[in-house]
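Chains as they are written, first to last, in the numbering used here: chain A, 112 to 552; chain B, 5 to 287.
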């Protein structure tokens with residue numbers, strides 16, 4: 112490119128627009144085109160609209176956004192795999208892309224042959240691959256298999272080998288696309304180490320992800336794309352909340368569909384229906400009392416996306432076909448999707464006497480300040496009689512996302528503040544102060 | 005898509021993928037990739053089969069045997085050393101038609117490469133065609149000594165064989181490039197090629213010659229059309245002249261093939277350049 116003032120490792124986008132055609136009924140054969148005279152109806156969809164972006168050498172840029180927001184398109188434009196329709200993309204320096212992880216791997220060829228092929232694709236010369244070969248094999252941890260055809264490898268081994276080759280390319284710019292899920296945890300840590308050392312050496316990283324945690328780990332800058340527009344650009348700690356607000360604002364399919372409106376009215380509890388088969392309702396129990404609907408509400412009403420610290424209420428809409436006059440017990444269990452219990456309680460445990468149900472009744476549990484930081488949580492709910500005989504159990508009944516209100520990682524939002532102390536003779540002592548019951552912001 | 009006007013400021017230097025070829029840039033190197041892909045295409049073709057590269061010879065030899073039975077034994081063609089004659093013609097056919105056939109599906113088969121890596125896309129059809137030509141040349145290794153042992157004329161015109169092969173190779177590159185690009189957008193190109201393979205083969209003077217056609221063809225224009233209307237016919241005849249008949253190929257056949265090679269390469273490069281822009285999107 113003539114007259115460019117960019118440093119190696121820099122990327123500049125000016126007015127970049129990229130659209131795609133979404134075909135309703137695509138003609139992919141010459142025959143069809145000749146017969147119908149066109150390639151089918153399509154609508155033009157924007158992947159990126161008029162994006163200006165400057166990435167400096169050494170930037171570790173996280174690109175976040177929902178599916179279809181233009182993240183991957185941006186990566187492909189930088190990688191030079193597809194051209195923009197309008198505008199300029201300038202890239203200085205060598206680019207290695209984890210998009211190409213394993214590109215050109217052929218199952219019938221040995222690991223060794225594929226390393227050479229893949230290395231060539233990454234822009235290494237044969238001499239360079241020769242020099243790095245032993246190190247690549249060691250990194251992939253498959254020395255005994257290197258002369259076997261790749262089709263005999265497990266998928267984890269293939270990915271390790273692919274990552275090992277990619278890790279031995281020394282580019283100015285590294286493009287990452289959700290590749291951190293390679294192999295087992297130990298290997299993932301190794302990959303993270305590699306990415307970290309690449310960053311420490313001053314390399315530019317562009318990391319596309321919809322996982323806030325990884326972006327916070329890797330990046331020192333983030334941009335938020337939505338519908339092809341760049342909505343935010345700055346410190347990840349500032350951009351991530353914007354991303355979460357965007358996610359929360361969008362009407363994504365509810366996760367508690369099992370109990371949602373679409374339940375056939377009145378059919379659920381046909382009189383004399385044999386328990387525990389609950390006709391038209393998920394779950395189990397004798398069905399004398401059913402949980403007609405379970406949902407969560409937050410500051411903005413019914414929702415399944417909450418920000419740490421929100422006031423969140425769990426609602427159980429109970430219904431009894433015939434009046435129940437004995438005491439009932441309602442409970443819930445919040446857990447991770449691997450069944451690790453976060454919290455579990457019921458009305459009896461709290462010493463509450465609920466009474467019976469005549470027709471419909473709503474029971475709620477309110478969490479004053481949601482103490483969760485980041486993650487997906489599930490809730491199972493139930494209603495029993497006082498002796499523990501099950502009326503209706505639903506597991507899981509619903510799920511929700513928690514989004515962080517501040518920096519940090521992990522499931523639980525611990526309120527607290529750092530006190531870095533002072534540098535004294537004994538060195539620096541760093542203390543984390545965790546407040547027991549501090550209110551959320 | 006090819007008809008799409010590009011309302012952009014993409015500059016000359018941005019080549020195929022819309023990005024500057026900065027001096028500092030080190031992307032995928034064209035030549036090593038070409039070499040590796042060619043080697044791989046050659047080896048891949050027969051990998052895992054017992055006969056390996058021998059298949060290159062076995063298939064045409066079986067065909068030669070069958071045609072020999074039909075045309076020599078049943079129809080009594082006057083062509084001497086008929087099996088060898090057919091084998092020479094099939095060499096030209098193998099370079100040309102097998103070449104465009106493997107080229108046409110080359111991009112779609114390497115979709116993972118094209119959608120993930122930036123490199124000059126021409127390399128893919130080039131390398132498959134080159135690999136195909138190399139295997140077809142294995143046929144020449146058999147044909148040349150046999151033609152020297154059973155000469156129909158002089159040995160000297162054999163010096164023309166490399167030139168003729170290069171010209172046919174050039175035609176194949178041009179046409180193969182175009183078809184490879186088109187096949188990304190119209191996936192039935194490769195099937196259409198498979199369908200016209202046999203009729204085209206029959207219309208090419210491989211197991212017959214213009215001088216020995218018996219039938220009732222009295223109209224010169226039919227012969228003219230068969231000779232000059234079929235891009236691979238003059239090259240095939242030139243190869244048969246130089247190798248089998250031991251006579252100098254006619255200037256007409258050579259010039260025709262040379263012009264066809266230049267034109268097809270030009271059209272192929274031009275067409276492919278237009279088609280490759282959106283390839284990664286289309287695949």
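All C-beta atoms, glycine included, are put in the ideal place defined by N, C-alpha and C.
Answer with yes or no whether the minimum CB distance from residue i to chain A is below 8 angstroms.
i: residue 247 of chain B; result: no
i: residue 257 of chain B; result: no
i: residue 193 of chain B; result: yes
i: residue 49 of chain B; result: no
i: residue 33 of chain B; result: yes
i: residue 281 of chain B; result: yes
i: residue 40 of chain B; result: yes
i: residue 147 of chain B; result: no
i: residue 30 of chain B; result: Bear in mind that a pLDDT of 47 at residue 30 of chain B, under 50, signals an unreliable position, so the number given afterwards is only what the model happens to contain. Chain A contact via Cβ: present.
i: residue 196 of chain B; result: yes
i: residue 268 of chain B; result: no
Tell me whether residue i sits in a helix, a strand or coil according to DSSP, three-state version.
i: residue 233 of chain A; result: coil
i: residue 506 of chain A; result: strand
i: residue 192 of chain B; result: coil
i: residue 264 of chain A; result: coil
i: residue 102 of chain B; result: helix
i: residue 123 of chain B; result: coil
i: residue 33 of chain B; result: coil
i: residue 426 of chain A; result: strand
i: residue 90 of chain B; result: helix
i: residue 38 of chain B; result: helix
i: residue 67 of chain B; result: helix
i: residue 185 of chain B; result: helix
Verify the CB distance criterion: does residue i have a CB-CB separation below 8 angstroms to chain B?
i: residue 160 of chain A; result: no
i: residue 219 of chain A; result: yes
i: residue 192 of chain A; result: yes
i: residue 124 of chain A; result: no
i: residue 262 of chain A; result: no
i: residue 259 of chain A; result: no
i: residue 156 of chain A; result: no
Over the uninterrupted beta strand (DSSP E) stretch that includes residue i, give me the two end residues.
i: residue 173 of chain A; result: 171-176
i: residue 124 of chain A; result: 122-134
i: residue 438 of chain A; result: Counting along the chain, residue 438 of chain A falls outside any beta strand (DSSP E), and DSSP gives it neither H nor E.
i: residue 284 of chain B; result: Where residue 284 of chain B is concerned, there is no enclosing beta strand (DSSP E), although the alpha helix (DSSP H) it sits in stretches over 283-286.
i: residue 277 of chain B; result: First-last for residue 277 of chain B: 255-280, but that is the alpha helix (DSSP H), not the beta strand (DSSP E).
i: residue 65 of chain A; result: Here chain A comprises residues numbered 112 to 552, so residue 65 of chain A is not present and cannot be evaluated.
i: residue 216 of chain A; result: Run containing residue 216 of chain A: none; DSSP gives neither H nor E here.
i: residue 454 of chain A; result: 452-457
Using a Cβ-based criterion (distance less than 7 angstroms to any ligand heavy atom), does residue i qualify as near the ligand NAP?
i: residue 59 of chain B; result: Judged by which ligands are present, the structure shown has none, so any question about the ligand NAP falls away.
Exposed or buried, residue i, counting other C-beta atoms within 10 Å across all chains shown (16 or more means buried)?
i: residue 297 of chain A; result: exposed
i: residue 301 of chain A; result: buried
i: residue 97 of chain B; result: buried
i: residue 170 of chain A; result: buried
i: residue 209 of chain A; result: buried
i: residue 277 of chain A; result: buried
i: residue 223 of chain B; result: exposed
i: residue 120 of chain B; result: buried
i: residue 215 of chain B; result: exposed
i: residue 145 of chain A; result: exposed
i: residue 238 of chain A; result: exposed
i: residue 489 of chain A; result: buried
Grab me the residues of residue i's own chain with a C-beta within less than 8 angstroms of its C-beta, minus the 5 sequence neighbours each way, in chain order.
i: residue 225 of chain A; result: 215, 216, 217, 261 and 272
i: residue 468 of chain A; result: 400, 429, 430, 431, 434, 435 and 439
i: residue 220 of chain A; result: 228, 260 and 261
i: residue 122 of chain A; result: 164, 165, 166, 189, 200, 201, 202, 203, 284, 315 and 317
i: residue 263 of chain A; result: 256
Spatial neighbours of residue i within its chain, please: C-beta separation below 7 angstroms, excluding the five flanking residues on both sides.
i: residue 195 of chain A; result: 127, 128, 129 and 188
i: residue 269 of chain B; result: 174, 177 and 178
i: residue 37 of chain B; result: 123 and 127
i: residue 547 of chain A; result: Low per-residue confidence applies at residue 547 of chain A: pLDDT is 48, beneath 50, and the placement is therefore not dependable, though the value from the model is reported in the following sentence. Excluding sequence neighbours, residue 547 of chain A sits near nothing in its chain.
Could you check where the alpha helix (DSSP H) with residue i kicks off and where it finishes?
i: residue 238 of chain B; result: 237-243
i: residue 339 of chain A; result: Unbroken run through residue 339 of chain A: none, as it is neither H nor E.
i: residue 231 of chain B; result: 224-232
i: residue 470 of chain A; result: Looking at the DSSP string, residue 470 of chain A is not in any alpha helix (DSSP H); the run it does join, the beta strand (DSSP E), is 468-478.
i: residue 403 of chain A; result: No alpha helix (DSSP H) contains residue 403 of chain A, which is instead part of the beta strand (DSSP E) from 401-409.
Excluding the 5 residues flanking residue i on each side, which residues of the same chain have their C-beta closer than 6 angstroms to its C-beta?
i: residue 161 of chain A; result: 126 and 128
i: residue 1 of chain B; result: Chain B is shown only over 5 to 287; residue 1 of chain B falls outside these bounds and no answer can be derived.
i: residue 249 of chain B; result: 156 and 157
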